[in-house]
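Visitor: Residue 76 in our numbering sits at position 76 of the sequence shown, with consecutive numbering throughout. For glycine and all other residues, C-beta sits at the position ideal for the given N, C-alpha and C. Quantities reported herein were computed from a predicted structural model and do not represent experimental measurements.
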Amino acid sequence: MQTTLPAPTVESAPAMTRPITLTVNGTPYQLNLAPWTTLLDALREYANLTGTKKGCDHGQCGACTVLVNGKRINACLTLAVMHDDHEITTIEGLATDGALHPVQKAFIDHDAFQCGYCTPGQICSAVGMINEGQVRTVADVRELMSGNLCRCGAYPHIVDAICEVMQLDASK
Ligand code: FES
Ligand code: FES
Numbered sequence: 001m002q003t004t005l006p007a008p009t010v011e012s013a014p015a016m017t018r019p020i021t022l023t024v025n026g027t028p029y030q031l032n033l034a035p036w037t038t039l040l041d042a043l044r045e046y047a048n049l050t051g052t053k054k055g056c057d058h059g060q061c062g063a064c065t066v067l068v069n070g071k072r073i074n075a076c077l078t079l080a081v082m083h084d085d086h087e088i089t090t091i092e093g094l095a096t097d098g099a100l101h102p103v104q105k106a107f108i109d110h111d112a113f114q115c116g117y118c119t120p121g122q123i124c125s126a127v128g129m130i131n132e133g134q135v136r137t138v139a140d141v142r143e144l145m146s147g148n149l150c151r152c153g154a155y156p157h158i159v160d161a162i163c164e165v166m167q168l169d170a171s172k
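(1) Please indicate yes or no: does the CB of K54 lie closer than 6 Å to some heavy atom of ligand 1?
(2) So is the beta-carbon of A63 under 6 Å away from any non-hydrogen atom of ligand 2?
(3) How about I91 and G51: are their beta carbons less than 7 Å apart?
(4) Please list, in chain order, all residues of the same chain as L168 whose beta carbon is under 6 Å from its beta carbon, the five residues on each side excluded.
(5) Can you say whether N25 is buried or exposed, counting buried as having 16 or more other CB atoms within 10 angstroms of its CB?
(6) Would you say the beta carbon of N74 comes nearer than 6 Å to a heavy atom of ligand 1?
(7) Check for me: the alpha helix (DSSP H) holding I91 runs from which residue to which?
(8) Keeping to the same chain, check which residues put their C-beta closer than 6 Å to that of N69; ignore five residues upstream and five downstream.
(9) With a threshold of 16 other CB atoms inside 10 Å of the CB of C56, please say whether the residue is buried or exposed.
(10) Using a Cβ-Cβ cut-off of 7 Å (strictly less than) and excluding sequence neighbours within five positions of Q114, which residues of its own chain qualify?
(11) Distance, Cα to Cα, C150 vs M16?
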């Protein structure tokens, strides 16, 4: 005798997203994100701010560096939900009133990039490093920028650009 099994029931999945407001470059973005969404993915995939780059996606390259309340962080290593109400600045927000940030201008003047993929992270990191106020020498610049890798090897020009902004003699 053939028996008929009851149709399987599918329970509705619990809500997997939650509302969050990210303030990026002075603009509030109201997003619905899964709690495990990184700040990097929130910026690139949900706020459409693709200036911040994804390199390694695990804290090794610095391509994803942004500023949170003026401090530089790797956006791939932090969750977006941790930054509700924080002031986030990306490469898109560094220029003011149409004028490039001095670090952006110095990168252009010193030809401090080749492919440009690492450049947004390099620039945001340099701005954060300047905010930190720890640099005294060119060696400090090299050390404190060492978390930002450049596969094109533009390091000498990157250091030159930052030294110009910091009024350090890059030859020392
Ligand atoms: S993408 Fe974040 S450190 Fe490489
Ligand atoms: S300019 Fe190409 S990785 Fe830095």
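Guide: Let me spell this out:
(1) yes
(2) A63: no, Cβ never under 6 Å from ligand 2.
(3) yes
(4) V138
(5) buried
(6) yes
(7) Looking at the DSSP string, I91 is not in any alpha helix (DSSP H), and its letter there is neither H nor E.
(8) H86, E87
(9) exposed
(10) Taken in chain order, the residues that qualify are C152, A154.
(11) 37 Å
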